[in-house]
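The sequence shown finishes on residue 711 if you use the working numbering, and the numbering steps up by one all the way, no holes. We treat Cβ as the ideally placed atom computed from N, Cα and C, and that holds for glycine. Inspection log for the structure reproduced underneath, given as structure tokens.
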Amino acid sequence: MEELKNALNDKRLQVLTLPEKGRCLFTSRDFSPGEVIISENPYVSVPNKNKESPQWKCEWCFSLANLKKCSACHVVWYCSSKCQKSDWKLHRVECQALSKVDKERVKSLTPSIRLMVKLYLRRKLENEKVGSHVLTFFLCYMFPSTATENYKNVEALVSHISDVDEKQLVLYAQMANLVNLILQWPDSEINIKEVAENFSKLACNAHTICDSELRPLGTGLYPVISIINHSCLPNSVLVFEGRLAVVRAVEHIPKDTEVLISYVETAGSTITRQKALKEQYFFSCTCPRCIKMGQSDDIRESAILEGYCCKNSGCNGFLLRDSDDKGFVCQQCGLLRDKEEIKYIVSELKIMSEKASLSLSSGYINEAGKAYKMIEKLQVKLYHSFSINLMRTRETLLKVLITFKTLLGEVEEAVTSLTKAFDILRITHGIKTIFVMDLLSKLEEARAEASYKLRSQMED
Ligand SMILES: C[S@@+](CC[C@H](N)C(=O)[O-])C[C@H]1O[C@@H](n2cnc3c(N)ncnc32)[C@H](O)[C@@H]1O
Numbered sequence: 252m253e254e255l256k257n258a259l260n261d262k263r264l265q266v267l268t269l270p271e272k273g274r275c276l277f278t279s280r281d282f283s284p285g286e287v288i289i290s291e292n293p294y295v296s297v298p299n300k301n302k303e304s305p306q307w308k309c310e311w312c313f314s315l316a317n318l319k320k321c322s323a324c325h326v327v328w329y330c331s332s333k334c335q336k337s338d339w340k341l342h343r344v345e346c347q348a349l350s351k352v353d354k355e356r357v358k359s360l361t362p363s364i365r366l367m368v369k370l371y372l373r374r375k376l377e378n379e380k381v382g383s384h385v386l387t388f389f390l391c392y393m394f395p396s397t398a399t400e401n402y403k404n405v406e407a408l409v410s411h412i413s414d415v416d417e418k419q420l421v422l423y424a425q426m427a428n429l430v431n432l433i434l435q436w437p438d439s440e441i442n443i444k445e446v447a448e449n450f451s452k453l454a455c456n457a458h459t460i461c462d463s464e465l466r467p468l469g470t471g472l473y474p475v476i477s478i479i480n481h482s483c484l485p486n487s488v489l490v491f492e493g494r495l496a497v498v499r500a501v502e503h504i505p506k507d508t509e510v511l512i513s514y515v516e517t518a519g520s521t522i523t524r525q526k527a528l529k530e531q532y533f534f535s536c537t538c539p540r541c542i543k544m545g546q547s548d549d550i551r552e553s554a555i556l557e558g559y560c561c562k563n564s565g566c567n568g569f570l571l572r573d574s575d576d577k578g579f580v581c582q583q584c585g586l587l588r589d590k591e592e593i594k595y596i597v598s599e600l601k602i603m604s605e606k607a608s609l610s611l612s613s614g615y616i617n618e619a620g621k622a623y624k625m626i627e628k629l630q631v632k633l634y635h636s637f638s639i640n641l642m643r644t645r646e647t648l649l650k651v652l653i654t655f656k657t658l659l660g661e662v663e664e665a666v667t668s669l670t671k672a673f674d675i676l677r678i679t680h681g682i683k684t685i686f687v688m689d690l691l692s693k694l695e696e697a698r699a700e701a702s703y704k705l706r707s708q709m710e711d
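In structure tokens:
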């Protein structure tokens with residue numbers, strides 16, 4: 252911990268421990284909005300593969316293109332020899348272990364199991380450095396362990412094992428046994444109870460690695476960034492540049508301030524956020540937003556984020572359930588919105604959402620665009636104008652608009668949307684990331700098209 256504290260000191264950061272939160276990351280200088288506070292490569296990482304994301308991905312960079320299977324273990328895929336070489340330090344030992352796993356068991360290798368196997372292999376490589384001089388020299392060259400890249404930082408992570416329920420504990424124990432079967436280490440080298448506890452650590456410390464459009468690609472353990480605590484009103488944001496996790500300030504952060512990111516969707520209501528934090532991270536948030544829970548401001552905010560809009564389109568009031576349970580009453584004009592009418596729009600939305608996601612996943616972009624516009628129309632009728640559902644639909648619609656030029660017929664609309672997206676993204680992702688530069692060039696293109704359209708209209 253002392254070594255880590257010194258390393259962080261060089262970055263003008265410090266770790267403090269508070270009784271109600273455990274370790275916390277504090278600034279030792281001012282940080283400006285958009286500035287990188289800290290970045291970290293994963294100690295271990297693994298690509299996702301599940302029902303929602305069934306494709307194979309490159310083990311190192313998570314790319315989906317030009318994949319080739321490792322010819323020895325037949326489990327891991329790479330997009331290039333460069334990625335294969337970068338991963339070889341760890342895969343060299345992982346490959347030996349995976350090659351011995353029988354075909355049926357390979358099918359049960361989930362990303363969590365693979366992440367844990369990699370974690371133990373990396374720890375073993377670190378420990379072996381303490382052995383013979385020649386081996387130590389070789390391993391130090393292959394695997395430099397520094398204050399920030401060190402298994403000691405994994406040991407320091409919270410596990411909340413005593414808060415985990417019985418059913419989950421049984422599952423962790425089964426997963427630990429599977430890790431043991433894959434590694435085939437003698438009992439002196441592996442402790443099943445400790446592996447199970449490490450699964451609990453992964454649950455509240457590992458991060459989902461996302462691409463620039465926030466699509467999940469994989470999971471990574473970033474033990475230094477994991478020191479950062481949560482707030483529903485964060486001063487920083489965690490984004491990924493490939494496998495590199497980057498924490499950026501989203502506002503001016505003065506010296507001696509705690510760096511805080513949000514672990515959950517900040518646009519959810521207080522009840523939704525609190526539930527998610529309790530279930531996965533075992534704490535009750537007491538941030539400035541959460542302490543207002545149940546107060547009139549919070550009820551209003553939650554009803555706006557997750558509730559319905561007034562039947563009278565000219566009224567911007569928020570709705571609360573009426574005492575007779577007939578429907579929802581506007582808190583501004585007193586108009587009642589019937590339960591049955593709401594149910595009808597909800598069922599229409601369900602049908603349309605299924606159609607939209609099917610069109611999108613099948614590559615029918617025009618149809619998907621039309622369906623999302625229809626969803627937006629229905630949601631405007633149903634939800635408050637600042638609703639989280641509406642925001643998500645607009646986000647998807649924006650992605651469709653950005654990605655597929657065919658839908659850029661409404662150029663002015665695209666320019667407005669792209670400008671707003673750019674303003675946010677230059678803070679969260681920085682101006683130099685490929686994604687933001689790409690967005691900027693699309694924005695310039697859309698602006699040029701808009702001004703061309705305007706000029707032609709004036710000439711007509
Ligand atoms: C990723 S860790 C953060 C670092 C942690 N404080 C530590 O000591 O290692 C997540 C855990 O930190 C604690 N935590 C994070 N944010 C918190 C908050 N706002 N209030 C209380 N506890 C918090 C919870 O125990 C949570 O499960």
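Under a three-way DSSP split, which group does residue i fall into?
i, result
"T399", "coil"
"I602", "helix"
"T657", "Reliability fails at T657, whose pLDDT of 42 lies under 50, so the model's placement of it is uncertain and no value is given."
"T508", "coil"
"F277", "strand"
"C581", "strand"
"K320", "strand"
"A454", "helix"
"G471", "strand"
"R645", "helix"
"P298", "strand"
"Q306", "coil"
"E502", "coil"
"S290", "strand"
"V405", "helix"
"A554", "helix"
"Q265", "strand"
"I616", "helix"
"C560", "strand"
"D799", "For residue 799 there is no data in the structure shown, the boundaries of the chain being 252 and 711."
"V497", "strand"
"L571", "strand"
"Y514", "coil"
"N480", "strand"
"I596", "helix"
"C541", "helix"
"I441", "coil"
For the alpha helix (DSSP H) holding residue i, just list the boundary residues, first then last.
i, result
"V430", "E417 to L434"
"D338", "S332 to S350"
"R365", "P362 to E379"
"L528", "T521 to Y532"
"K354", "K354 to K358"
So, under 8 Å CB-CB, residue i and residue j are touching, yes? Tell me the CB distance rounded to an integer number of Å.
i, j, result
"S487", "V510", "5 Å"
"Y294", "R373", "7 Å"
"G614", "V651", "Incorrect: roughly 12 Å between the Cβ atoms, too far for contact."
"P362", "V501", "So it is not a contact: roughly 29 Å between Cβ atoms."
"L370", "V405", "7 Å"
"L468", "D462", "6 Å"
"I288", "R499", "7 Å"
Say the cut is 7 Å; is the CB of residue i nearer than that to a heavy atom of ligand 3?
i, result
"C461", "Ligands present in the displayed structure are limited to ligand 1, and ligand 3 is not among them."
Apart from the five residues just before and just after residue i, which ones in its own chain have a Cβ nearer than 8 Å to its Cβ?
i, result
"L629", "I596, E599, L600 and M603"
"N317", "C330 and S331"
"I522", "M544 and S553"
"T268", "R274 and C275"
"E627", "L641, T644, R645 and L648"
Leaving out the 5 sequence neighbours to the left and right, which residues in its chain are closer than 6 Å to residue i when beta-carbon positions are compared?
i, result
"A457", "T470 and L472"
"S520", "S553, L556 and E557"
"S482", "L511 and C538"
"Y402", "R374 and E377"
"F491", "I460 and C461"
"K320", "W328"
Could you pull the start and end residues of the beta strand (DSSP E) that residue i belongs to?
i, result
"E492", "S487 to E492"
Note down, in chain order, each residue of its chain lying with its Cβ closer than 7 Å to the Cβ of residue i, except the 5 sequence neighbours on either side.
i, result
"V368", "E345, A348, V430, I433 and L434"
"H411", "S451, C455 and F533"
"N563", "C584 and L586"
"S222", "Within the shown structure, residues of the chain are numbered from 252 to 711, placing residue 222 beyond reach of any answer."
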